[in-house]
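Asker: One structure follows; several queries about it will come next.
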């Protein structure tokens, strides 16, 4: 009986100590979720478009360079810009022309991706306003004549240059960026362009616009880029608890 | 995420319908001649077995392309609306028009020379350029007879230029009474 008492007492004691332990642990847990403040990095990201760069090597009629940059304004919003230069010669059946010019696109990206822990990947949608200033050279052309009774119409070597052309457009951008090494990001984006206005050459048309790419009937265009960029962290900002709680709900 | 997918889809759709490379627009027009009855100038009159050859062209104009190349009837035109191509790299085009060409005694050859200036106008990416013409005013057309003179079947007074600008083939540019 004496043994029995001693045993039950010690059991109770052990259980109590567990209870105490458990309580202590939960307390620590609560502390740990609140105490370390989540900080996110803000800064400037600068990159280059590899798609245009590599195309310059393998495509004889194309030379282009595009630099990209974005600046994180809020948790989800980035100011974004691209600046580039293109020199492209298009050889179509009826016409051969060269377009040279510089473009600038300014806008914003909205990051719709919820990152885990301290990852900084981006899946974004955005808008850009693009302007381009360029010149076109009509190298040669052919008269389209279905009635070739007097022979096939010859190719007319021309070389007329149309300077001071310009275009403005809006782009809808969908893209993603992933951090592959510390501060190094790789990303790509698809773009859907809509011309707002353009200055057309006399008796010719803007068949290619630097930055906008090939023009289609109906003022639409598409674009793509593949970027490698470097993130320059400027400051850190604390993620507000309110924000986190809102997201949990 | 849904937005992005939708955008990607639109992009793919747009890039796939890229082929606007087939010329479907209006291209270089021909000169349209209409033949009318000289005794009744408001009614159309068909020419009979007309053979047409351009100065500098290798052969007569083919009007019945369905016939075999050896058939002489390929070159015969019977109708009241004749379309003649003009030289796009010149200012004159001369045509020989032989009426009743199948009949040795009744055949009659007259020459029409068209004087004009031309202009190359941009159409589209697929078509490139077309040439439009402006007939010289007042002397747009000169009629001459063959070397051994016979009577003209086209009288100079009976040529009426309706439209000096040749931009489309929709309307007749020249009316000829005979």
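Chains as they are written, first to last, in this note's numbering: chain A, 990 to 1238; chain B, 553 to 730. Glycine included, C-beta positions come from ideal geometry on N, C-alpha and C. Bear in mind the structure is a predicted one, so any value in this text is a computation, not a measurement.
Alpha carbon to alpha carbon, how far is residue 1012 of chain A from residue 1105 of chain A?
Answerer: Counted from its first residue, the first chain places residue 1012 of chain A at position 23. Counted from its first residue, the first chain places residue 1105 of chain A at position 116. Residue placement at residue 1012 of chain A is flagged as unreliable, the pLDDT there being 49, under the threshold of 50; a coordinate-derived value is accordingly withheld.
Asker: Name, going along the chain, the residues of the region 619-633 of chain B whose beta-carbon falls closer than 8 Å to a beta-carbon of chain A.
Answerer: Going along the region 619-633 of chain B in chain order, one finds no residue with a Cβ nearer than 8 Å to chain A.
Asker: Let me check understanding here. Comparing Cα to Cα, which of B/628, B/650, B/707 and B/727 lies closest to residue 714 of chain B?
Answerer: Against the second chain, residue 714 of chain B aligns to sequence position 162. Comparing Cα-Cα distances from residue 714 of chain B to each of B/628, B/650, B/707 and B/727, the minimum goes to B/727.
Asker: Name the chain B residues that come within less than 7 Å of residue 1138 of chain A, Cβ to Cβ?
Answerer: As a first step, residue 1138 of chain A is located in the first chain; it is residue number 149 there, counting from the start. Ordered by position in chain B, the residues that pass the 7 Å Cβ test against residue 1138 of chain A are 606, 609, 613 and 637.
Asker: With a cut-off of 8 Å, do at least 3 Cβ pairs link the region 1158-1169 of chain A to the region 1126-1142 of chain A?
Answerer: No: fewer than three Cβ pairs fall under 8 Å.
Asker: To the nearest angstrom, how far is it from the Cα of residue 665 of chain B to the Cα of residue 615 of chain B?
Answerer: Residue numbering aside, residue 665 of chain B sits at position 113 when the second chain is read from its first letter. Residue numbering aside, residue 615 of chain B sits at position 63 when the second chain is read from its first letter. Distance between the alpha carbons of residue 665 of chain B and residue 615 of chain B: 20 Å.
Asker: So, do the region 1059-1070 of chain A and the region 1095-1115 of chain A have three or more beta carbon pairs nearer to each other than 8 Å?
Answerer: As far as the Cβ criterion goes, the region 1059-1070 of chain A touches the region 1095-1115 of chain A, which means the pair count is three or higher.
Asker: Does the CB of residue 1193 of chain A have a neighbour CB from chain B at under 7 Å?
Answerer: Residue 1193 of chain A sits at position 204 when you count from the first residue of the first chain. It does; some Cβ of chain B falls within 7 Å.
Asker: Comparing the C-beta of residue 715 of chain B with each C-beta of chain A, is any distance below 7 Å?
Answerer: In the second chain, residue 715 of chain B corresponds to position 163, counting from 1. Chain A contact via Cβ: absent.
Asker: Residue 647 of chain B touches chain A at which residues, Cβ-Cβ below 9 Å?
Answerer: Within the second chain, the letter at position 95 stands for residue 647 of chain B. Within chain A, no residue comes near residue 647 of chain B; the closest Cβ sits about 10 Å away, beyond 9 Å.
Asker: Go ahead and pull the three-state DSSP assignment for residue 793 of chain B.
Answerer: Any property of residue 793 of chain B remains undetermined from this structure, which presents chain B solely from 553 to 730.
Asker: With a cut-off of 7 Å, does the C-beta of residue 724 of chain B fall near any C-beta of chain A?
Answerer: Position 172 of the second chain holds residue 724 of chain B. So, not an interface residue.
Asker: In chain order, what are the residue ranges of uninterrupted beta strand (DSSP E) at least 3 long that sit wholly in the region 1122-1186 of chain A?
Answerer: As far as the region 1122-1186 of chain A is concerned, its whole beta strand (DSSP E) runs of at least 3 residues are 1144-1170.
Asker: With distances taken from CA atoms, which of B/575, B/652, B/697 and B/729 is nearest residue 1082 of chain A?
Answerer: For the purposes of this step, residue 1082 of chain A is taken as residue 93 along the first chain, with counting starting at 1. The shortest Cα separation from residue 1082 of chain A among B/575, B/652, B/697 and B/729 belongs to B/575.
Asker: Identify whether residue 709 of chain B lies in helix, strand or coil by the three-state DSSP scheme.
Answerer: Position 157 of the second chain, counted from the first residue, corresponds to residue 709 of chain B. Residue state, collapsed to three classes: helix.
Asker: Name, please, each residue of chain A whose Cβ falls closer than 8 Å to the Cβ of residue 674 of chain B.
Answerer: Here residue 674 of chain B is taken as the residue at index 122 of the second chain, counted from 1. Per Cβ cutoff of 8 Å: 1192, 1193 and 1194.
Asker: Output, in chain order, the set of chain B residues within a Cβ distance shorter than 7 Å of residue 1081 of chain A.
Answerer: Here residue 1081 of chain A is taken as the residue at index 92 of the first chain, counted from 1. Correct list: 677.
Asker: For chain A, is any of its Cβ atoms less than 7 Å away from the one on residue 654 of chain B?
Answerer: As a first step, residue 654 of chain B must be located in the second chain, where it is residue number 102. Cβ-Cβ to chain A under 7 Å: no for residue 654 of chain B.
Asker: I want to verify the contact list: residues of chain B whose CB lies under 8 Å from the CB of residue 1133 of chain A, in sequence order.
Answerer: Along the first chain, one-based indexing puts residue 1133 of chain A at 144. Here the neighbours are 575, 579, 580, 675, 679, 680, 681 and 682.
Asker: Would residue 1178 of chain A pass as an interface residue toward chain B - the criterion being a Cβ-Cβ separation below 7 Å?
Answerer: In the first chain, residue 1178 of chain A corresponds to position 189, counting from 1. No, no contact with chain B.
Asker: Do you know how far the Cα of residue 1193 of chain A is from the Cα of residue 1169 of chain A?
Answerer: Your numbering for residue 1169 of chain A matches position 180 in the first chain. Your numbering for residue 1193 of chain A matches position 204 in the first chain. Distance between the alpha carbons of residue 1169 of chain A and residue 1193 of chain A is about 46 Å.
Asker: Name the chain B residues that come within less than 9 Å of residue 1142 of chain A, Cβ to Cβ?
Answerer: In the first chain, counting from the first residue as 1, residue 1142 of chain A sits at position 153. Simply 580, 640, 641 and 683.
Asker: Can you say whether residue 1015 of chain A is buried or exposed, counting buried as having 16 or more other CB atoms within 10 angstroms of its CB?
Answerer: Position 26 of the first chain holds residue 1015 of chain A. For residue 1015 of chain A, the predicted structure reports a pLDDT of 47, less than 50, and the residue's modelled location is therefore unreliable. The matter cannot be settled from this model.
Asker: So, does the CB of residue 1118 of chain A fall closer than 7 Å to a CB anywhere in chain B?
Answerer: Your numbering for residue 1118 of chain A matches position 129 in the first chain. It does not: the Cβ of residue 1118 of chain A has no partner Cβ on chain B nearer than 7 Å.
Asker: What three-state label does DSSP hand residue 731 of chain B in the structure shown?
Answerer: The shown model of chain B, from 553 to 730, leaves out residue 731 of chain B, and the question about it has no answer.
Asker: Tell me whether residue 701 of chain B sits in a helix, a strand or coil according to DSSP, three-state version.
Answerer: The residue given as residue 701 of chain B occupies position 149 in the second chain. Residue 701 of chain B: coil per DSSP, three-state reduction.
Asker: Can you look up residue 1041 of chain A in the DSSP assignment and give me helix, strand or coil?
Answerer: Position 52 of the first chain, counted from the start, is the residue given in the question as residue 1041 of chain A. Reduced to three states, the DSSP call for residue 1041 of chain A is helix.
Asker: Is residue 683 of chain B closer than 7 Å to residue 667 of chain B when the C-beta atoms are compared?
Answerer: Residue 667 of chain B sits at position 115 when you count from the first residue of the second chain. Residue 683 of chain B sits at position 131 when you count from the first residue of the second chain. No, Cβ-Cβ distance for residue 667 of chain B and residue 683 of chain B is not below 7 Å.
Asker: Which parts of the region 1056-1127 of chain A are runs of the beta strand (DSSP E), unbroken and 3 residues or longer, counting only runs that do not cross its ends?
Answerer: Listed in chain order, the complete beta strand (DSSP E) runs (minimum 3 residues) inside the region 1056-1127 of chain A are 1066-1080 and 1084-1100.
Asker: By a C-beta neighbour count over all protein chains shown, 10 Å radius and 16 as the cutoff for buried, is residue 703 of chain B buried or exposed?
Answerer: For the purposes of this step, residue 703 of chain B is identified with residue 151 of the second chain, where counting begins at 1. It is exposed - the Cβ of residue 703 of chain B has fewer than 16 other Cβ atoms within 10 Å.
Asker: Check the C-beta distance from residue 1028 of chain A over to residue 1225 of chain A and give it rounded, since I have them as a contact under 8 Å.
Answerer: As a first step, residue 1028 of chain A must be located in the first chain, where it is residue number 39. As a first step, residue 1225 of chain A must be located in the first chain, where it is residue number 236. Between residue 1225 of chain A and residue 1028 of chain A the Cβ distance is about 4 Å, and since that is below 8 Å, they are a contact.
Asker: For residue 738 of chain B, which of helix, strand or coil comes out of DSSP?
Answerer: In the structure displayed, chain B extends from 553 to 730; residue 738 of chain B sits before or after that span and is not available.
Asker: On the criterion of 16 or more Cβ atoms from any shown chain inside 10 Å, does residue 1018 of chain A qualify as buried, or is it exposed?
Answerer: Translated into the one-based positions of the first chain, residue 1018 of chain A becomes position 29. Confidence is the limiting factor: at residue 1018 of chain A the pLDDT is only 48, short of 50, which leaves the residue's position unreliable and the question unanswerable from this model.
Asker: Taking 7 Å as the CB-CB limit, is residue 1084 of chain A close to chain B?
Answerer: Along the first chain, one-based indexing puts residue 1084 of chain A at 95. It does: the Cβ of residue 1084 of chain A has a partner Cβ on chain B nearer than 7 Å.
Asker: Where does residue 626 of chain B sit, in a helix, a strand or coil, going by DSSP?
Answerer: Walking along the second chain from the start, residue 626 of chain B turns up at place 74. DSSP places residue 626 of chain B in helix when its eight states are reduced to three.
Asker: Do you know how far the Cα of residue 1160 of chain A is from the Cα of residue 1187 of chain A?
Answerer: As a working note, residue 1187 of chain A is residue 198 in the first chain. As a working note, residue 1160 of chain A is residue 171 in the first chain. If I take the Cα positions, the gap works out to 15 Å.
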